[in-house]
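S.K.: By the working numbering, the letter at position 663 of the sequence shown is numbered 744, and the numbering carries on one by one without gaps.
Every residue gets a Cβ at the ideal spot worked out from N, C-alpha and C, and that includes glycine.
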Amino acid sequence: MKKNLSKKQKFDKIPDKIAHALIAFVTCVILVVIAEWGTGFLKAEFHEGDIMLKSIYAPFDFKIKGDINYKVTEAAKKKAMDSVTPVYSIDSSAKEAVLNKVNAFFNSLQALKQGENIENSLSGIKETAAPYNIPLPIVSSILDLKGHQEFLAEAIKIIEYILDAGAISASELARLNNDLVKTVTLIDKSKNAERTIAIEELWASSDIRKKADSIPGILRDRKEKSLLIDFINAVLAPNVKYQEEETTLRKQAAAAKIKPTYNMIDVKKNELILNKGERISKGQMEKLDAIEQREPYSLKITAFFGIALLIALFMVLLVLYIEFYEPDLIAGNKELILLASICILMILAAKLIVVSPWPSNLIPVSAASMLIALLLNNRLAIITTCFLSIIIGMISGGRLDIAGVSIAGGMIGIFAVRNVRRRSQLISAGFAAGLANMAYFIGVGLINSLDFNVYMTEAFIGFANGIMAAIIVTGVLPIFETASKTITDISLLEIADLNHPILKEMVIKAPGTYHHSLVVGNLAEAACEAIGANALLARVSAYFHDIGKIEKAEYFSENQTGGSMHDKLSPTMSSLIITNHVKNGVELARRYGLNKRIVDIIMQHHGTGLVFYFFKRALEKTGDDDVFEEGFRYPGPKPQTREAACVLLADSVEAASRTLDDPTPSSIQGLVKKIINNKFIDAQLDECELALKDLEKIAEIFTHILTGIYHSRVEYPEDTGKKK
Numbered sequence: 082m083k084k085n086l087s088k089k090q091k092f093d094k095i096p097d098k099i100a101h102a103l104i105a106f107v108t109c110v111i112l113v114v115i116a117e118w119g120t121g122f123l124k125a126e127f128h129e130g131d132i133m134l135k136s137i138y139a140p141f142d143f144k145i146k147g148d149i150n151y152k153v154t155e156a157a158k159k160k161a162m163d164s165v166t167p168v169y170s171i172d173s174s175a176k177e178a179v180l181n182k183v184n185a186f187f188n189s190l191q192a193l194k195q196g197e198n199i200e201n202s203l204s205g206i207k208e209t210a211a212p213y214n215i216p217l218p219i220v221s222s223i224l225d226l227k228g229h230q231e232f233l234a235e236a237i238k239i240i241e242y243i244l245d246a247g248a249i250s251a252s253e254l255a256r257l258n259n260d261l262v263k264t265v266t267l268i269d270k271s272k273n274a275e276r277t278i279a280i281e282e283l284w285a286s287s288d289i290r291k292k293a294d295s296i297p298g299i300l301r302d303r304k305e306k307s308l309l310i311d312f313i314n315a316v317l318a319p320n321v322k323y324q325e326e327e328t329t330l331r332k333q334a335a336a337a338k339i340k341p342t343y344n345m346i347d348v349k350k351n352e353l354i355l356n357k358g359e360r361i362s363k364g365q366m367e368k369l370d371a372i373e374q375r376e377p378y379s380l381k382i383t384a385f386f387g388i389a390l391l392i393a394l395f396m397v398l399l400v401l402y403i404e405f406y407e408p409d410l411i412a413g414n415k416e417l418i419l420l421a422s423i424c425i426l427m428i429l430a431a432k433l434i435v436v437s438p439w440p441s442n443l444i445p446v447s448a449a450s451m452l453i454a455l456l457l458n459n460r461l462a463i464i465t466t467c468f469l470s471i472i473i474g475m476i477s478g479g480r481l482d483i484a485g486v487s488i489a490g491g492m493i494g495i496f497a498v499r500n501v502r503r504r505s506q507l508i509s510a511g512f513a514a515g516l517a518n519m520a521y522f523i524g525v526g527l528i529n530s531l532d533f534n535v536y537m538t539e540a541f542i543g544f545a546n547g548i549m550a551a552i553i554v555t556g557v558l559p560i561f562e563t564a565s566k567t568i569t570d571i572s573l574l575e576i577a578d579l580n581h582p583i584l585k586e587m588v589i590k591a592p593g594t595y596h597h598s599l600v601v602g603n604l605a606e607a608a609c610e611a612i613g614a615n616a617l618l619a620r621v622s623a624y625f626h627d628i629g630k631i632e633k634a635e636y637f638s639e640n641q642t643g644g645s646m647h648d649k650l651s652p653t654m655s656s657l658i659i660t661n662h663v664k665n666g667v668e669l670a671r672r673y674g675l676n677k678r679i680v681d682i683i684m685q686h687h688g689t690g691l692v693f694y695f696f697k698r699a700l701e702k703t704g705d706d707d708v709f710e711e712g713f714r715y716p717g718p719k720p721q722t723r724e725a726a727c728v729l730l731a732d733s734v735e736a737a738s739r740t741l742d743d744p745t746p747s748s749i750q751g752l753v754k755k756i757i758n759n760k761f762i763d764a765q766l767d768e769c770e771l772a773l774k775d776l777e778k779i780a781e782i783f784t785h786i787l788t789g790i791y792h793s794r795v796e797y798p799e800d801t802g803k804k805k
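#1: In chain order, what residues of the same chain have a beta carbon less than 8 Å from the beta carbon of residue 149, not counting five sequence neighbours either side?
#2: If you draw a straight line from the C-alpha of residue 453 to the C-alpha of residue 645, how long is it?
#3: Is residue 790 helix, strand or coil by DSSP?
#4: Around the Cβ of residue 258, are there at least 16 other Cβ atoms within 10 angstroms (buried) or fewer (exposed)?
#5: By Cβ distance, which residues of its chain are closer than 8 Å to residue 305, with the 5 residues on each side in sequence left out?
#6: Do you know offhand how far residue 610's Cα is from residue 616's?
#7: Any idea what DSSP makes of residue 434, helix, strand or coil?
#8: My guess is that residue 679 and residue 670 are in contact by the Cβ rule of under 8 Å, so how many angstroms apart are they, rounded?
#9: Kindly examine the ligand NAP and report whether one of its heavy atoms sits closer than 7 Å to the Cβ of residue 475.
#10: Please go through the same chain and pick out, in chain order, the residues whose beta-carbon is closer than 6 Å to the beta-carbon of residue 696, but skip the five residues on each side of it.
#11: Is it buried or exposed, residue 578, if we count other Cβ atoms within 10 angstroms and call 16 or more buried?
#12: Any chance the stretch 505–519 sits against the stretch 477–497, with 3 or more Cβ pairs inside 8 Å?
#13: Comparing C-alpha positions only, which one of 221, 415, 361 sits nearest to residue 100?
#14: Taking the Cβ atom as the reference point for each residue, do residue 266 and residue 166 lie within a distance shorter than 8 Å?
#15: Enumerate in chain order the residues of its own chain whose CB-to-CB distance from residue 698 is below 7 Å, with the five nearest sequence positions on each side excluded.
#16: From the DSSP output, read off the bridge partner residues of residue 190.
#17: Verify whether the separation of the beta carbon atoms of residue 718 and residue 685 is less than 8 Å.
#18: Taking the beta strand (DSSP E) that residue 146 falls in, what are its first and last residues?
#19: Just curious, the beta strand (DSSP E) that residue 267 is in, first and last residue?
#20: Please report the Cβ distance between residue 555 and residue 599, rounded to the nearest whole angstrom; I am assuming they are in contact, meaning their Cβ atoms lie under 8 Å.
#21: Quick one: what's got a C-beta closer than 6 Å to residue 517's C-beta in the same chain, skipping five residues either side?
#22: Starting from residue 480, trace the beta strand (DSSP E) in both directions and tell me its first and last residue.
#23: Should residue 405 be flagged as near chain E, meaning a C-beta pair shorter than 8 Å?
#24: Consult DSSP for residue 138 and reduce its assignment to one of helix, strand or coil.
#25: Just mark residue 277 as buried or exposed, buried being the case when its beta carbon has 16 or more other beta carbons within 10 Å.
#26: According to the neighbour-count rule (16 or more other Cβ atoms, all chains shown, within 10 Å of its Cβ), is residue 723 buried or exposed?
#27: Report the CB separation of residue 130 from residue 360 in whole angstroms; it is logged as a contact under 8 Å.
#28: Do residue 630 and residue 594 have their C-beta atoms within less than 8 Å of each other?
#29: Taking the beta carbon of residue 98 as the centre, do at least 16 other beta carbons fall within 10 Å, making it buried, or is it exposed?
#30: Report the rounded CA-to-CA distance for residue 56 versus residue 177, giving the unit in angstroms.
#31: Can you tell me which of the three DSSP states residue 809 falls into?
#32: Identify the continuous alpha helix (DSSP H) that holds residue 538 and give its terminal residues.
#33: Are the Cβ atoms of residue 729 and residue 710 separated by less than 8 Å?
#34: Kindly indicate which three-state DSSP category residue 569 falls into: helix, strand or coil?
#35: Where does residue 350 land, buried or exposed, given buried means 16+ other C-beta within 10 angstroms?
#36: How should residue 528 be labelled, buried or exposed, when 16 other C-beta atoms within 10 angstroms of its C-beta is the threshold for buried?
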């Protein structure tokens, strides 16, 4: 029975309540973040080819791209190409060739001037000028100069200046002017550099006379200046060459950077974008994308708070349900964290599927439903399935069909795992959930008059969803069991195998205890079934509740065949040996890795009960004043759950029933009631959730089973061997 909490106990509960509230708050925040991630007005990522189960209208005016406007696009590309300046390169070898030619010419001229045969001077001039294509008058005028070296130095200086700036042929310059080119790109590979210059900065032979004054340090003597210009015109060769291929490549690159220009299509507010039952086309998909991209910030903010408010509302409802109808679940934080983890992982998986190209009806809600049913309980699984289904419907674009199929498949999955006892049966549960999904989509298709192929495709995907959910549960269930230290009926049955090493050792070393444990298991299981507790947990725990007796089995009456080992011991020592079997049992259970819930029942199966036989012997031996009851009690704790209480009562009743000399139905009934009343009076049931009506049911079932065990058989007459 549960005591009323004192003010101090209520105060001690405050930290737990804060922890529970914190778990709920963090879960709510995470769910809101996941639900809002990447969503906009439509709250979903639709995909081309999907079938719409509702009509969608434009929430505001916007424009979308239509066909490419090729005329505008080509004009933009032409403009980009025209903006590319022609590319020229400086030929460094041309400068060297010109300077070599000038030096060679002056060397020849110097030799001619120093010759003695003046008569042949005319022929000598011709011979000197011929290799260099320099007009004879220019050669003759240079011969008449007094300072050949000064003239040569001046010529070389001006030639270097012009070639460094860039010398271009007159015809090429004329072509640039005709094409109205204002600038060119000049590449100097010898310096690994390029620059953009105006064409006026280039030099042509026709321009030298006009631009001569711009050359720094040019001769100011008009006659010599004119001769110098004529000489340079005669020897200068262009060193700037047009790079047609490079120019073409740069024009193509510029054109490639121009993005196509589209004709814009106006979409007005409330204009129909998609009809119910219509398959999404490429053009309609572009409209949906445009809505997502252009959605006003105010709509996003209001939608965010709307979804946050709804998730918070459902979270509060779920917490209130747990508070009022599942109080055992909030006894600790472990179960709440487990529930929160499953919910978060389920919504995350749903969101990943929604934003992927996969169909939304692949969201395996039934996997979460089955996990919660197996790890916690069916009622909570039903409520949570509804909670998850509504959220998933919202993040799937407000699709009621997805919410509906999630509820249908999840509910069937919960009912299908209700009596699952083997992991292989989970596939059958998934099959059942898949059939429910299939039936749902067929029904929706018929109601909406969808094409047969459309709704049958949806139906088969729904069926695959159920099978996938079962596979997921099979894979992750052991992980959740290990992480949360929770035990399922499947694991309980695996542990209940009588070939378990501890039980095999017990049957050899403590056969009486082994038989006692089997009977206690049957009694506890029946009692839990009668009051609606976990019967399987009680039976399996009962199998192991006395494993601590294996170490000193001969000290326990059910294993004694002769005299008692306690005859030579003091009552205090005997009591210590008897009570120590609880501690030894807990240590052995932990060594073998038994689940905590089983270990707890082993620890609680005697509560803080009194070892009455040895306490009485101590009183008889030493007197009342020298014996303290606390030294003859089990260390506890008292049973904290209904399953632990049923094991305690079954253990006590079974042990006591073996002392009956005449186990008639009435004597068994009286013994059962006496044992239960004594435990109640001794306050051993104060910390568990047993009601008085539960104790009446337990007494009734114990009496029924023990009467069946101890009923007298008809005595068969002996066969005398005589035949008629």
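M.R.: Taking the geometry as given:
#1: Within the same chain, 341, 342, 343, 344 come within 8 Å of residue 149 by CB-CB distance, once the 5 residues on both sides are set aside.
#2: 50 Å
#3: Three-state result, residue 790: helix.
#4: exposed
#5: 226, 232.
#6: Between residue 610 and residue 616, the C-alpha separation is close to 5 Å.
#7: helix
#8: About 6 Å separates the two Cβ atoms, so the contact holds.
#9: Looking at this structure, you won't find the ligand NAP or any other ligand, since it has none at all.
#10: 713
#11: So residue 578 counts as exposed.
#12: yes
#13: 415
#14: yes
#15: 652
#16: Partner residues in a beta bridge of residue 190, as assigned by DSSP, do not exist.
#17: yes
#18: 143–149
#19: 264–269
#20: Wrong, their Cβ atoms sit about 31 Å apart, outside the cutoff.
#21: If the five residues before and after residue 517 are omitted, its C-beta is found closer than 6 Å to the C-beta atoms of 489, 490, 493, all from its own chain and listed in chain order.
#22: Unbroken run through residue 480: none, as it is neither H nor E.
#23: Among the chains in the structure shown there is no chain E, since it carries only a single protein chain.
#24: In the structure shown, residue 138 sits in a strand (DSSP, three-state: E or B).
#25: exposed
#26: So residue 723 counts as buried.
#27: 6 Å
#28: yes
#29: exposed
#30: Residue 56 falls outside the range modelled here, since the chain spans only 82 to 805, and no answer is possible.
#31: Absent from the model: residue 809. The displayed extent of the chain is 82 to 805, so no value can be given.
#32: 533–565
#33: no
#34: coil
#35: That one is exposed.
#36: So residue 528 ends up on the exposed side.
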